[in-house]
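Engineer:
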Amino acid sequence: MDKQTAQARVQELHRLLHQYNYEYYVLDNPSVSDAEYDRLMQELIALEEQYPELKTADSPSQRVGGQPLEAFAKVEHRVPMLSLANAFNEADLRDFDRRVRQEVGDVRYVCELKIDGLAVSLRYENGYFVQGATRGDGVTGEDITENLKTIRSLPLRLKKDVTIEVRGEAYMPKKSFEMLNEQRQARGEELFANPRNAAAGSLRQLDPKVAASRNLDLFVYGVVHADELGIDSHSAALDYLDELGFKTNRERKVCQTIDEVIEFVTAWHEKRSSLPYEIDGMVIKVDSFAQQAKLGATAKSPRWAIAYKFPAEEVVTRLIDIELSV
Ligand SMILES: CC(C)(C)c1nc(N2CCN(c3ncccn3)CC2)c2cc(C(N)=O)c(N)nc2n1
48 MDKQTAQARV QELHRLLHQY NYEYYVLDNP SVSDAEYDRL MQELIALEEQ
98 YPELKTADSP SQRVGGQPLE AFAKVEHRVP MLSLANAFNE ADLRDFDRRV
148 RQEVGDVRYV CELKIDGLAV SLRYENGYFV QGATRGDGVT GEDITENLKT
198 IRSLPLRLKK DVTIEVRGEA YMPKKSFEML NEQRQARGEE LFANPRNAAA
248 GSLRQLDPKV AASRNLDLFV YGVVHADELG IDSHSAALDY LDELGFKTNR
298 ERKVCQTIDE VIEFVTAWHE KRSSLPYEID GMVIKVDSFA QQAKLGATAK
348 SPRWAIAYKF PAEEVVTRLI DIELSV
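Written out as structure tokens, the structure reads:
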């Protein structure tokens, strides 16, 4: 195959493999078999070996990145990653609602599951993933681009060639956490206490091959300066993220009243064990960007959002278990 034909074939393989990756890891609904996906990937790798100049950073073959790093570079977040004020009970939620309504009148909320993972920021230029960083202290994070590239639901190229920065939560699904701890137990290694620590420990690995082995996943939950993209609400911003090819959490609900919020929060507190990932609460956000702007933010956190924390699950070891174990 001459170079010209190889170049065209490589572009076509990029398009196909990005699409099939999206269907499998974002939609959970593949249109081709794993064998077909692997065959196309092997064809791409062979062409990149034959013509190294055709191997580009965004190639589907480059997910499990390069060499281990010496250290992580620091990244300044152009827009700080704020914290969230906490609500611990229904009264706190009603106080939040009262204060919001006093300032902006009638309001609509978006309720989201609060994924128990690690907040990250992802930058894309002309549709290509160029940098990913941890939240750090909200102003300065660590460059973990190579590790984030190993997350299969993170698009290396968007469905539109836009330049944007998105925020999300990287996490380790419960099944991956259990398997990882079984492996570590078998090797006599220290176990991770929970999926959040396991995700954090995995993203802090200097060798991307280790991160790639940890089956991490990602939900994105916001676009920086979405209002400048002509988007007027948080729910519209989430729909836009879906259009770009990101994985957002579908268990979100637009609520017209705080009673509806409380009902939704209570329902998910009861059924959270049925989720394939851990959540530590819910995040309630004023939907309208105009109202968010009016409410503004304190130095630490937005005044238009609040995190409702589920009570920590007390681990009750039945007495019979203790008696049997002695
Ligand atoms: C953009 C805002 C500030 C409203 C925001 N901030 C969040 N967080 C901030 C505090 N974060 C944090 N992390 C560590 C230390 C202090 N704060 C962790 C992310 C959100 C986290 C989740 C989630 N986990 O599922 C979510 N669906 N929406 C969020 N939205």
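Following the working numbering, the numbering of the sequence shown begins with 48 at its first residue and continues without gaps. Glycine included, C-beta positions come from ideal geometry on N, C-alpha and C.
Taking the straight line between their C-alpha atoms, what separation do you get for Glu-216 and Ser-260?
Structural biologist: Distance between the alpha carbons of Glu-216 and Ser-260: 18 angstroms.
Engineer: Starting from Met-329, follow the beta strand (DSSP E) in both directions and report where the run begins and ends.
Structural biologist: Here the beta strand (DSSP E) through Met-329 covers 326 to 333.
Engineer: Near ligand 1, which residues have their beta-carbon less than 5 angstroms from any of its heavy atoms, given in chain order?
Structural biologist: Cβ atoms closer than 5 angstroms to ligand 1 belong to Leu-129, Ser-130, Leu-131, Glu-159, Lys-161, Ile-162, Ala-166, Glu-216, Tyr-268, Gly-269, Val-330, Ala-352.
Engineer: So what does Arg-231 bridge to, in DSSP terms?
Structural biologist: Looking at the DSSP assignment, Arg-231 forms no beta bridge with any residue, so it has no partner.
Engineer: Per DSSP, which one or two residues make a beta bridge with Asn-133?
Structural biologist: Answer is Ala-354, bridged to Asn-133.
Engineer: Are the region 68 to 81 and the region 191 to 208 in contact at 8 angstroms, needing three or more beta carbon pairs?
Structural biologist: The region 68 to 81 is in contact with the region 191 to 208.
Engineer: Is Thr-187 helix, strand or coil when you go by DSSP?
Structural biologist: Residue state, collapsed to three classes: strand.
Engineer: Per DSSP, what kind of secondary structure is Asp-142 in: helix, strand or coil?
Structural biologist: Correct three-state label for Asp-142: helix.
Engineer: How far does the beta strand (DSSP E) with Thr-192 in it reach, from first residue to last?
Structural biologist: First-last for Thr-192: 192 to 196, but that is the alpha helix (DSSP H), not the beta strand (DSSP E).
Engineer: In whole angstroms, what is the alpha-carbon distance linking Leu-322 and Phe-224?
Structural biologist: When rounded, the distance between both Cα atoms is 14 angstroms.
Engineer: Are Asp-208 and Asn-173 closer than 8 angstroms when you measure CB to CB?
Structural biologist: Yes, these two residues count as a Cβ contact at 8 angstroms.
Engineer: Please report the Cβ distance between Val-126 and Val-271, rounded to the nearest whole angstrom; I am assuming they are in contact, meaning their Cβ atoms lie under 8 angstroms.
Structural biologist: That belief holds up - the Cβ atoms of Val-126 and Val-271 are roughly 5 angstroms apart, short of 8 angstroms.
Engineer: Out of Asp-142, Thr-181, Glu-159, Gly-292, point me to the one whose CA is closest to Arg-251's CA.
Structural biologist: Among Asp-142, Thr-181, Glu-159, Gly-292, the Cα nearest to that of Arg-251 is on Thr-181.
Engineer: In the DSSP assignment, the alpha helix (DSSP H) including Phe-336 goes from what residue to what residue?
Structural biologist: Taken as a continuous stretch (DSSP letters only), the alpha helix (DSSP H) holding Phe-336 covers 336 to 342.
Engineer: Quick check: Asp-105 and Arg-204, are their CB atoms within less than 8 angstroms of each other?
Structural biologist: The answer is yes: Cβ separation under 8 angstroms.
Engineer: Taking the alpha carbon of Lys-221 as the point to measure from, which residue in Asp-264, Asn-194, Ala-258 has its own alpha carbon closest?
Structural biologist: The residue with the shortest Cα to Cα distance from Lys-221 is Asp-264.
Engineer: Could you round the C-beta distance between Tyr-69 and Gly-343 to whole angstroms and report it? I think they count as a contact, below 8 angstroms.
Structural biologist: At roughly 36 angstroms, the Cβ-Cβ gap does not stay under 8 angstroms, so Tyr-69 and Gly-343 are not in contact.
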